[in-house]
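Enquirer: Those sequence lines, one after another, are chains S and F. Heads up: the first sequence is residues -4 to 494, going by our numbering. Heads up: the second sequence is residues -4 to 494, going by our numbering. Here a beta-carbon is modelled for each residue, glycine too, at the ideal position from N, C-alpha and C. I am attaching a structure below and will ask some questions about it afterwards.
2 protein chains.
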Amino acid sequence: MIKDKYQSVKNHLQKIFDVQASIALLNWDQETKMPKGGAQQRARQISTLSGIAHELLTDRAFKSKVRDLNECLDQLNTEESVNINETFKQIERAEKLDTDFVTRRSALVSETYQAWTEARAKKSFSVYQEQLDKLIQLKKEEAERIGYNGHIYDALLEEFEPGMNSAMVDKIFDGVKNHLQPILKKINAQKKPDDSFLFKHFNKDKQWDFGIDLLKNMGYDFNRGRQDISVHPFSTGFGPDDIRVTTRISETNFSSMVWSCIHEGGHALYEQGMLSQNYGLPMGSYISLGIHESQSRLWENHVGRSKAYWEFHYPKVKNVFPEQFDGVSLNDFYAAANRIAPSPIRTEADELHYHFHVLIRFEIEKALLEGSLKTADAESYWNEKYKEYLGLDITDPNSGILQDIHWSLGSFGYFPTYSIGSFYAAQFHAQATKEIDNLEEQATTGDHSKLLTWLQGNIYKHGKRNSAEGLCKELTGEGLNYKYFEAYVQKKYGELYEL
Amino acid sequence: MIKDKYQSVKNHLQKIFDVQASIALLNWDQETKMPKGGAQQRARQISTLSGIAHELLTDRAFKSKVRDLNECLDQLNTEESVNINETFKQIERAEKLDTDFVTRRSALVSETYQAWTEARAKKSFSVYQEQLDKLIQLKKEEAERIGYNGHIYDALLEEFEPGMNSAMVDKIFDGVKNHLQPILKKINAQKKPDDSFLFKHFNKDKQWDFGIDLLKNMGYDFNRGRQDISVHPFSTGFGPDDIRVTTRISETNFSSMVWSCIHEGGHALYEQGMLSQNYGLPMGSYISLGIHESQSRLWENHVGRSKAYWEFHYPKVKNVFPEQFDGVSLNDFYAAANRIAPSPIRTEADELHYHFHVLIRFEIEKALLEGSLKTADAESYWNEKYKEYLGLDITDPNSGILQDIHWSLGSFGYFPTYSIGSFYAAQFHAQATKEIDNLEEQATTGDHSKLLTWLQGNIYKHGKRNSAEGLCKELTGEGLNYKYFEAYVQKKYGELYEL
């Protein structure tokens, strides 16, 4: 009886995922292959399938079975319990928002996104401000419906980073402020390393081939994935046996392709590492955005910006682009790959300044949601913060408050997961370094197999078995702790700069 | 009230098409982009979405509204009437097959397809024969459930070519036998033109670019479509604003890419010519497989194998591949493009022998369904027919009875639409030639715009407004008549051969 009920829930979950995977393909195609003319029809196809997925998720009989099973988790094994309980939590959260609210939100998001596009075209925050304010009021309503214990922010953060709250994020950013701020002051007072060689001309096809080699070298399985070109790099998937990445190639900026390949490759390795048997189930799904980001950052920064990594790969770079790197030593390349300099755009930031970009958004989001900041004042607040934390004068709002898409889509509580991901990455990588003999030496020979096996065995294959905090404690003996990132920064940038 | 009911049916039909378009994308991706590993998960995604589309189509409230509206077609305008009545007919047909039958058929098709694959691997019809026989018995049951007036074959043919029946097909093939057979005898007794230059080495990328140019020249809109590579060329679409084609490129056979591009381009022009406002509705859908094929054949043969066409394009061919065509005149090329020679494989047949391939399948299908031929005797019957009609000795069943996938998928009644398409093409092209001044001369300058406009205005944009027969009468003053193909053959091959 229980077995039958569980099987029925499992089948239904996998059916929902079939639809979600189809939506993911409609989106992938839209970003990589679709002819321009198809946009309008594609939008309605995505919308219809989203509606079908929603109907399936809110199916009464299904929900009732999940509730019944959630009452007797002790009669299920660990994997089954995780699948049921995670589904139960998802349903509980969804039910706090009735259809009327979801419809209003969907319409408002669509209008706000359009206003944001228009504001960017006119380079004017005020075009967008009123609409954004409406969305913020709605997000406050959403937070109240969902409920929270501490700060109103927590209700929204929970969607992206379950188990995390704003007090914990505050604490982490204390580390950022106390530790990183003085370091950046010192670094920014010094002469920057030359990186002009990264901005010479680099043939597109040669870059493409080099990027494919980097992905293969990481252990990305092209039998269960592929790479394509898109305006903004992303990774997506339709089950663990088909996980795809995209990249972009600039012929005048070598770094653009290289580290986006490694970053998206990291995301994809996580997804390829899930077990096929858990297709469409919480046990086959990522834990949180922070944990997902930890895998892209671990590969991008701890592996892909390390000297050991380039000891193996830089000779290959020189082989493919001999003229561009003529007279550029490994040390020169490594210094350029880790060049620290403030810039107004988050997605172009180095791995240290990056966290101030996130901090600013976090502070503004909190203030807007708790009502201590009016939307009308958000732009001046933004610009003040950029002056304070990054020493920058923002004159163009497109390089300022209008730069990110997130708010226009109603994604409040999302940004902290980027920094959280980096800090988890540092903590996990430190642990891997402890547990795997000669990890750095392996990297110098281009061998990342032991690291990948460690990540697969400890993180990837477990899906949602653990919470983020639980996983972190299990692996490293403690919850998320900024000190690992601090130690990483200290060691790496202590050598690169006079700190 | 009526308006509301109609709007609700229309919305539902377009929702069904959203799902079908998503299935089409899952299939397109599977044939063109999907990494091998994704096959199993893709199969279940397609199966789930097919189930959802079926549920939507058999939704009780929807069906009841369609029935109500079908009772008062006089209160709807022409377009609305077509949408309702065509949907009504589709529902009526579907309802004759209950869920139990559909499930049995689906399982049997899946087993038969596997048996066919195995039979091909073992080059043995007997491996497959018993399974095929089960499927034939089921198709007989299907035909009985659906019902028919004349021959049992008609019930199945109706699905692919509504309005056509086996007596009409018989009559058409009388033309084929009486007219084409003696002609082929004469041609086959003559010396074949040299076509060895088509089988030299042709660079893949250059062929690709040339194929794209051919598509653009036809009027295929790359803003609402794209071309990719697949094992078997096909066209597919997700609404008229995104209609895609695929091709294959052989580096040792120039004709493979060229005429598959033009053929699939013809299919795609038909779909691109539907009106966006009729997205997902019968008014935005093709009339029958025969009419669809008429468009691919019209472009492939009447345009793409004409001398006028190559007067414009052959200099371009020579420009791209100067060595391969050194010393080859336009007349040589034109003769090679229309070289007539019997061969055992239907998909490689010339445009005359082709119809005997279809005739043989039609005769076997009819005999199997009416019971005058036992499945166990089908192979020897096949081989006898190939000897009789094409003078060929079939020794390898993979080049014989096992060559086509159709039967293994349960598609009985499908093959005649290929020939019907050719004959409609001849009839439509003759009419276009009558109505458009200097059509042939336009082709010599690479200008097909007037032809395309004629096809769009007379056929493409009307979707299912007319039946196939009705359209043919409206355009040409009479129903399908073999004599137009006869005249085309007479003129063209009379010049190429001594007839």
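Taking 8 angstroms as the CB-CB cut-off, is F:Tyr182 touching chain S?
Expert: Note on residue identity: the sequence assigns Ile, not Tyr, to residue 182 of chain F. Not closer than 8 angstroms to any Cβ of chain S, the Cβ of F:Ile182 fails to qualify, so no.
Enquirer: Closer than 8 angstroms is the cut-off here; do at least three beta carbon pairs connect the segment 322 to 342 of chain S with the segment 175 to 195 of chain S?
Expert: The segment 322 to 342 of chain S is in contact with the segment 175 to 195 of chain S.
Enquirer: Whose C-alpha, out of S:Ala56, S:Ser250, S:Phe249, S:Ser230, is nearest the C-alpha of S:Gly261?
Expert: Among S:Ala56, S:Ser250, S:Phe249, S:Ser230, the Cα nearest to that of S:Gly261 is on S:Ser230.
Enquirer: Return no unless some Cβ of chain S is closer than 8 angstroms to the Cβ of F:Lys456.
Expert: It does not; no Cβ of chain S falls within 8 angstroms.
Enquirer: In chain order, what residues of the same chain lie with their CB nearer than 6 angstroms to the CB of S:Gly232, ignoring the 5 residues before and after it?
Expert: Closer than 6 angstroms at Cβ, skipping near neighbours: Ile238, Glu266.
Enquirer: Residues of the segment 233 to 267 of chain S in Cβ contact with chain F at a cutoff of 7 angstroms, in chain order, please.
Expert: Under the 7 angstroms Cβ criterion, the segment 233 to 267 of chain S contributes Phe233, Gly234, Asp236, Asp237.
Enquirer: When we look at the beta-carbon of S:Lys10 and count the other beta-carbons within 10 Å, is it buried (16 or more) or exposed?
Expert: Buried: at least 16 other Cβ atoms inside 10 Å.
Enquirer: For S:Arg239, does the three-state DSSP call read helix, strand or coil?
Expert: S:Arg239 falls in the strand class under three-state DSSP.
Enquirer: With a threshold of 6 angstroms on Cβ separation, who are the neighbours of S:Glu346 within its own chain once the five nearest residues in sequence on each side are excluded?
Expert: Excluding sequence neighbours, S:Glu346 sits near Asn296.
Enquirer: I need the boundaries of the alpha helix (DSSP H) containing S:Gln25, first residue and last residue.
Expert: Where S:Gln25 is concerned, the enclosing alpha helix (DSSP H) stretches over -3 to 27.
Enquirer: What residue from F:His348, F:Val226, F:Lys429, F:Leu68 has the CA that sits closest to F:His174's CA?
Expert: Cα-wise, what sits closest to F:His174 is F:His348.
Enquirer: Quick check on DSSP: helix, strand or coil for S:Gly441?
Expert: Three-state DSSP puts S:Gly441 in coil, outside helix and strand.
Enquirer: By the three-class DSSP mapping on this structure, what secondary structure does S:Asn65 have?
Expert: Residue state, collapsed to three classes: helix.
Enquirer: Can F:Tyr384 and F:Ile359 be called in contact, C-beta distance under 8 angstroms?
Expert: No, they are not a contact pair.
Enquirer: To the nearest angstrom, report how far apart S:Glu81 and S:Asp165 are at their CA atoms.
Expert: If you take the alpha carbons of S:Glu81 and S:Asp165, they lie about 27 angstroms apart.
Enquirer: Just confirm the distance between the C-beta atoms of F:Ala362 and F:Leu368, as a whole number of angstroms; I'd bet it's less than 8 angstroms.
Expert: 4 angstroms between Cβ atoms; contact.
Enquirer: Using only CA atoms, which one of S:Phe197, S:Asn183, S:Gln109, S:Lys302 lies nearest to S:Ser403?
Expert: The candidate whose alpha carbon is nearest that of S:Ser403 is S:Gln109.
Enquirer: Pick helix, strand or coil for F:Gln222, following the three-state DSSP scheme.
Expert: If DSSP states are grouped into helix, strand and coil, F:Gln222 belongs with the strands.
Enquirer: Between F:Tyr143 and the rest of its own chain, which residues show a CB-CB distance below 6 angstroms, the 5 nearest in sequence each way excluded?
Expert: Same-chain partners within the cutoff: Asp149, Ala150.
Enquirer: Could you name each continuous beta strand (DSSP E) segment of 3 residues or more that falls completely within the segment 154 to 234 of chain S, going from the start of the chain to the end?
Expert: Here the runs fully enclosed are 222 to 224, 230 to 232.
Enquirer: Going by DSSP, name the residue or residues bridged to F:Asn248.
Expert: In DSSP, F:Asn248 forms a bridge with F:Ser245.
Enquirer: Compute the beta-carbon to beta-carbon distance between F:Gln319 and F:Met252, rounded to the nearest angstrom, for a pair I have assumed lies under 8 angstroms.
Expert: Between F:Met252 and F:Gln319 the Cβ distance is about 13 angstroms, and since that is not below 8 angstroms, they are no contact.
Enquirer: Entirely within the segment 307 to 342 of chain F and at least 3 residues each: give me those beta strand (DSSP E) ranges in chain order.
Expert: Segments of the beta strand (DSSP E) lying fully in the segment 307 to 342 of chain F: there are none.
Enquirer: Does the distance from the CB of F:Tyr281 to the CB of F:Phe12 come in under 8 angstroms?
Expert: No, these two residues do not count as a Cβ contact at 8 angstroms.
Enquirer: Could you name the residues of the segment 205 to 235 of chain F whose beta carbon sits closer than 9 angstroms to any beta carbon of chain S, in the order they occur along the chain?
Expert: Within the segment 205 to 235 of chain F, the residues whose Cβ lies closer than 9 angstroms to some Cβ of chain S are Asp216, Phe217, Asn218, Arg219, Gly220, Arg221, Asp223, Phe233, Gly234, Pro235, listed in chain order.
Enquirer: Take every Cβ of the segment 19 to 36 of chain F, pair it with every Cβ of the segment 58 to 71 of chain S, and state whether three or more of those distances are shorter than 8 angstroms.
Expert: Taking 8 angstroms as the limit for Cβ pairs, the verdict is that the segment 58 to 71 of chain S does not touch the segment 19 to 36 of chain F.
Enquirer: Buried or exposed, going by whether 16 or more other CB atoms sit within 10 Å of the CB of S:Glu226?
Expert: According to the sequence shown, residue 226 of chain S is Val rather than Glu. Flag for S:Val226 reads exposed.
Enquirer: Rounded to whole angstroms, what's the CA-CA distance from S:Asn453 to S:Ile(-3)? Just pull it up for me.
Expert: About 30 angstroms.
Enquirer: Taking all protein chains shown into account, do 16 or more other C-beta atoms lie within 10 angstroms of the C-beta of F:Asp321, making it buried, or fewer, making it exposed?
Expert: Exposed, because fewer than 16 other Cβ atoms sit within 10 Å of the Cβ of F:Asp321.
Enquirer: When the distance is taken between beta carbons, is F:Leu446 closer than 8 angstroms to F:Phe120?
Expert: Contact flag unset, no.
Enquirer: Verify the CB distance criterion: does F:Arg55 have a CB-CB separation below 8 angstroms to chain S?
Expert: Not closer than 8 angstroms to any Cβ of chain S, the Cβ of F:Arg55 fails to qualify, so no.
Enquirer: Would you verify that the beta carbon of F:Tyr309 is, or is not, closer than 8 angstroms to some beta carbon of chain S?
Expert: No, F:Tyr309 does not count as interfacial toward chain S.
Enquirer: With distance defined between alpha-carbon atoms, name the residue in S:Tyr381, S:Ile182, S:Tyr304 nearest to S:Leu491.
Expert: That would be S:Ile182, whose Cα lies nearest to the Cα of S:Leu491.
Enquirer: Let me know if F:Phe217 comes out buried or exposed under the rule of 16 or more other beta-carbons within 10 Å of its beta-carbon.
Expert: With fewer than 16 other Cβ atoms within 10 Å, it is exposed.
Enquirer: Please confirm if S:Val97 has its CB atom under 8 angstroms from at least one CB of chain F.
Expert: It does not; no Cβ of chain F falls within 8 angstroms.
Enquirer: What first and last residue would you give for the alpha helix (DSSP H) that runs through S:Asn80?
Expert: Its alpha helix (DSSP H) spans residues 73 to 90.
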